[in-house]
Amino acid sequence: MKKLQWDFYSKDTLSVAQNLLGKILVHEINGKRLSGRIVETEAYRGITDKAAHSYGGRRTNRTEIMYGTPGFSYVYMIYGMYYCFNIVTEKEDIPEAVLIRALEPLESLDKISLNRYNKSFSSLNKAQIKNLANGPGKLCNALAIGKSENKVDLCNGSLYVAKDDINDFNIKSAKRIGISYAQEAANYPWRFYIENNIYVSAK
DNA sequence: ACCAGGATAATCT
DNA sequence: GATTATCCTGGTA
7 MKKLQWDFYS KDTLSVAQNL LGKILVHEIN GKRLSGRIVE TEAYRGITDK
57 AAHSYGGRRT NRTEIMYGTP GFSYVYMIYG MYYCFNIVTE KEDIPEAVLI
107 RALEPLESLD KISLNRYNKS FSSLNKAQIK NLANGPGKLC NALAIGKSEN
157 KVDLCNGSLY VAKDDINDFN IKSAKRIGIS YAQEAANYPW RFYIENNIYV
207 SAK
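Okay, structure coming up:
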């Protein structure tokens, strides 16, 4: 499986958000591959997007990475207890990113289950399996993504997105989640997900 | 099934 | 001091 490279991420954010669906997010830890298929994403379109951290050109320590090279990670803490994992898109000085919202767990299921519930995968019920990574905070927990994974190069390291040639799914779009403060931007259909996939966080 | 409310701290103003 | 790109629990039905 090949790591997606710079050219994949250096496109307009709405395209990258859709193109990421079906790809595999991989975190290699001590030679073990923790991975899941990306089934839900959201686009955050920088300067003109009231829901984006970089809205209006806001440039702080936290958002600085969004102004940098595409293909880097942007991980931030939210609500004091969860991390969200984003991938920087576009080009330098255009502060846009894609939030990864949900994964279908694929490899190292036991490790993923331990990270989430401190239980072995075989002891999980159906609901617990579904809830392993169907949300931005959950998937960070599942794949052990935290602040040390902020600002890393996804084209060259132990955290990356791998190409996968599956195409047999439909893409649906919908309003983004958790941004009701963002006025008209709250209604933009910039959330994308794989139709009928049970690991999507919301319909 | 479906709410309502609370946990909890980094970040920004 | 206010806000927050979330998740879980415990109530009612």
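First residue of the first sequence? That's 7 in my numbering, and the numbers climb one at a time after it. Beta carbons: idealized from backbone N, C-alpha and C, even for Gly. Please read all numbers here as calculations on a predicted model, not as lab measurements.
Exposure of residue i, with buried meaning 16 or more beta-carbon neighbours within 10 Å
| i | result |
| --- | --- |
| residue 108 | buried |
| residue 142 | buried |
| residue 13 | exposed |
| residue 72 | buried |
| residue 208 | exposed |
Distance CB(residue i)-CB(residue j) smaller than 8 Å
| i | j | result |
| --- | --- | --- |
| residue 75 | residue 22 | no |
| residue 52 | residue 100 | yes |
| residue 81 | residue 93 | no |
| residue 102 | residue 50 | yes |
| residue 26 | residue 77 | no |
| residue 46 | residue 182 | no |
| residue 84 | residue 31 | no |
| residue 60 | residue 69 | yes |
| residue 187 | residue 9 | no |
| residue 18 | residue 191 | no |
| residue 164 | residue 97 | no |
| residue 170 | residue 29 | yes |
| residue 89 | residue 151 | yes |
| residue 135 | residue 175 | no |
Span of the alpha helix (DSSP H) around residue i
| i | result |
| --- | --- |
| residue 19 | 19–25 |
| residue 198 | First-last for residue 198: 197–200, but that is the beta strand (DSSP E), not the alpha helix (DSSP H). |
| residue 135 | 132–136 |
| residue 15 | 12–15 |
Contact set for residue i: own chain, Cβ-Cβ below 6 Å, skip 5 residues either direction
| i | result |
| --- | --- |
| residue 149 | 33 and 40 |
| residue 139 | 42, 109, 111, 145 and 148 |
| residue 179 | 195 and 198 |
Limits of the unbroken beta strand (DSSP E) element including residue i
| i | result |
| --- | --- |
| residue 90 | 88–94 |
| residue 109 | 103–113 |
| residue 62 | Premise fails: residue 62 is in no beta strand (DSSP E) and is neither H nor E. |
| residue 38 | 38–50 |
| residue 125 | From DSSP, residue 125 is part of no beta strand (DSSP E); its letter is neither H nor E. |
| residue 206 | Looking at the DSSP string, residue 206 is not in any beta strand (DSSP E), and its letter there is neither H nor E. |
Own chain partners of residue i with C-beta closer than 8 Å, once the 5 adjacent residues on each side are dropped
| i | result |
| --- | --- |
| residue 126 | 116, 119 and 120 |
| residue 65 | 73 and 101 |
Cut-off 7 Å between Cβ atoms - residues of its own chain near residue i, not counting five sequence neighbours on either side
| i | result |
| --- | --- |
| residue 129 | none |
Could you name each continuous beta strand (DSSP E) segment of 3 residues or more that falls completely within the region 131–178, going from the start of the chain to the end? 165–168, all fully within the region 131–178.
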